[in-house]
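The numbers in the sequence shown follow this note's numbering, run straight up by one, and end at 456.
Presented below is the structure to which this report refers.
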Amino acid sequence: MTPIIAFTFNPCVDKSMEIDQLVPDKKMRCTAPRLEPGGGGINVARVVRRLGGKVLAVYPSGGYHGSLLTEMLRVEGVDTYPVPMLTDIRENINIYEKSTGRQYRFIEPGNALTEHSWTRCLDALAALDKGGIVVVSGSLPGGAPPDLWSRIRRLSERKGARLIVDVAGAELWTALLVGFTGGGLRTVSEGGESFQTGSACGLFLIKPSENELAWLAREMRLPERPDETAKCLVSRGYAQVVVVSRGAGGALLVTRDCVRHVPAPEVRQQSTVGAGDSLVGGIVAGLGRKMDLEEAVRFGVACGAATVMNPGTELCHLKDVEKLYAEMRRGVTAAPVN
Numbered sequence: 119m120t121p122i123i124a125f126t127f128n129p130c131v132d133k134s135m136e137i138d139q140l141v142p143d144k145k146m147r148c149t150a151p152r153l154e155p156g157g158g159g160i161n162v163a164r165v166v167r168r169l170g171g172k173v174l175a176v177y178p179s180g181g182y183h184g185s186l187l188t189e190m191l192r193v194e195g196v197d198t199y200p201v202p203m204l205t206d207i208r209e210n211i212n213i214y215e216k217s218t219g220r221q222y223r224f225i226e227p228g229n230a231l232t233e234h235s236w237t238r239c240l241d242a243l244a245a246l247d248k249g250g251i252v253v254v255s256g257s258l259p260g261g262a263p264p265d266l267w268s269r270i271r272r273l274s275e276r277k278g279a280r281l282i283v284d285v286a287g288a289e290l291w292t293a294l295l296v297g298f299t300g301g302g303l304r305t306v307s308e309g310g311e312s313f314q315t316g317s318a319c320g321l322f323l324i325k326p327s328e329n330e331l332a333w334l335a336r337e338m339r340l341p342e343r344p345d346e347t348a349k350c351l352v353s354r355g356y357a358q359v360v361v362v363s364r365g366a367g368g369a370l371l372v373t374r375d376c377v378r379h380v381p382a383p384e385v386r387q388q389s390t391v392g393a394g395d396s397l398v399g400g401i402v403a404g405l406g407r408k409m410d411l412e413e414a415v416r417f418g419v420a421c422g423a424a425t426v427m428n429p430g431t432e433l434c435h436l437k438d439v440e441k442l443y444a445e446m447r448r449g450v451t452a453a454p455v456n
């Protein structure tokens with residue numbers, strides 16, 4: 119297996135409960151809470167571990183919830199690199215309303231990190247073997263250094279690592295336009311149009327949702343069609359690979375040489391929480407198994423579909439992933455996008 123490090127700069131403990139009906143101004147009795155580790159990179163690491171991979175989860179940790187998070191990860195067999203912080207990590211609340219089937223998610227912002235904590239997190243890259251995979255996933259708390267993305271890029275390059283980023287739209291924009299161009303965009307012309315382009319050594323892979331990609335298209339003045347937006351990001355050097363998550367529609371894979379739609383298998387949906395993280399986890403695990411890129415994305419789509427079969431914040435299970443992936447390989451192939 120290829121060595122993998124997954125960064126989560128804003129981890130949490132997810133608390134999930136069920137209730138018959140949400141009613142204002144009344145006491146409502148809910149089920150006993152289910153507690154699970156949370157945060158983008160944490161979920162990616164958990165999925166990789168469930169699929170048999172070896173991964174190091176790096177995250178700031180403080181207070182009661184920080185200790186609880188580390189203990190839960192160790193129970194799952196995930197190698198941990200908790201960086202001490204002075205404040206408690208956040209707790210997110212997920213409420214399932216049984217009468218309507220609706221889900222309500224209450225997300226805390228998380229506490230700002232000190233420069234020392236940011237640096238200690240990045241020090242974990244020293245543990246990565248040459249040629250590994252670095253994943254940065256999830257939201258960022260306040261106080262992020264302005265050169266954070268540049269530092270991550272440089273440290274990853276020194277290790278010859280493939281860098282995978284799955285962060286929210288505005289932060290992804292920062293990563294693409296600032297961090298991975300060294301702060302110096304080049305203006306070029308193509309077909310009579312001038313635009314700014316990134317470094318030739320941009321990210322290996324980004325995983326925006328369709329909404330995040332549409333936001334990027336508006337901010338960067340790119341074509342609005344998802345395949346064309348992604349193709350521009352690749353051709354202009356921001357990323358080698360763009361994988362667009364499409365929920366029940368699967369994923370769109372775009373590289374310099376191909377544009378492919380990878381459809382998702384039909385499953386009974388219980389919760390979509392963690393499906394995007396599971397998609398990334400499956401791709402990373404597939405690459406760690408030396409799958410080619412298209413097959414790794416298919417494996418990731420199977421992981422995302424296996425996750426939505428479970429309630430609350432529960433992630434995919436290996437037996438479900440293997441079953442869905444086998445069905446996809448037998449009956450579905452990635453189709454070109456016309």
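Glycine included, C-beta positions come from ideal geometry on N, C-alpha and C.
- Listed as beta-bridge partners of Asn212 by DSSP are Ser134 and Arg223.
- DSSP, read as helix, strand or coil, puts Asp206 in coil.
- Residue burial annotation: Ser179 is buried, with at least 16 other C-beta atoms found within 10 angstroms of its C-beta.
- Fewer than three beta-carbon pairs drawn from the segment 275-290 and the segment 209-228 are found closer than 8 Å, and the two stretches are therefore not classed as touching.
- Taking C-alpha positions only, Leu405 is separated from Val252 by approximately 12 Å.
- By alpha-carbon distance to Arg152, the top candidate from Met190, Tyr177 and Ala175 is Met190.
- Rounded to the nearest angstrom, the Cβ distance from Lys349 to Val377 is 7 Å, consistent with a contact under 8 Å.
- One alpha carbon belongs to Val398, the other to Arg223, and they sit about 21 Å apart.
- Between Ala163 and Ile122, the CB-CB gap stays under 9 Å.
- At a Cβ-Cβ threshold of 9 Å, Gly392 and Asn161 count as neighbours.
- Out of Ala293, Phe125, Lys441 and Leu246, the CA that lies nearest to the CA of Asp265 is found in Ala293.
- By alpha-carbon distance to Ala262, the top candidate from Val362, Cys239 and His435 is Cys239.
- Counting along the chain, His234 sits inside the alpha helix (DSSP H) bounded by residues Glu233 to Asp241.
- Nearest to Ser396 by alpha-carbon distance, out of Leu169, Glu445, Ala244 and Val141, is Leu169.
- Short of 7 Å from the beta carbon of Thr198, and not among the five residues preceding or following it, lie these beta carbons of its own chain, in chain order: Ala175, Thr188, Leu191 and Arg192.
- Excluding five sequence positions before and after Gly367, none of the CB atoms of its chain fall closer than 6 Å to its own CB.
- Minimum Cα-Cα distance from Gly181 among the listed residues Gly159, Val165, Asn229 and Gln139 corresponds to Asn229.
- For His183, there is no enclosing beta strand (DSSP E); the enclosing alpha helix (DSSP H) has its first and last residue at Gly181 to Val193.
- Burial is judged here by how many other beta carbons sit within 10 angstroms of a residue's own beta carbon; Asp345 has at least 16 and is buried.
- As the crow flies, the alpha-carbon of Pro429 is around 25 Å from that of Glu330.
- The Cβ-Cβ distance between Leu243 and Met203 does not fall below 9 Å.
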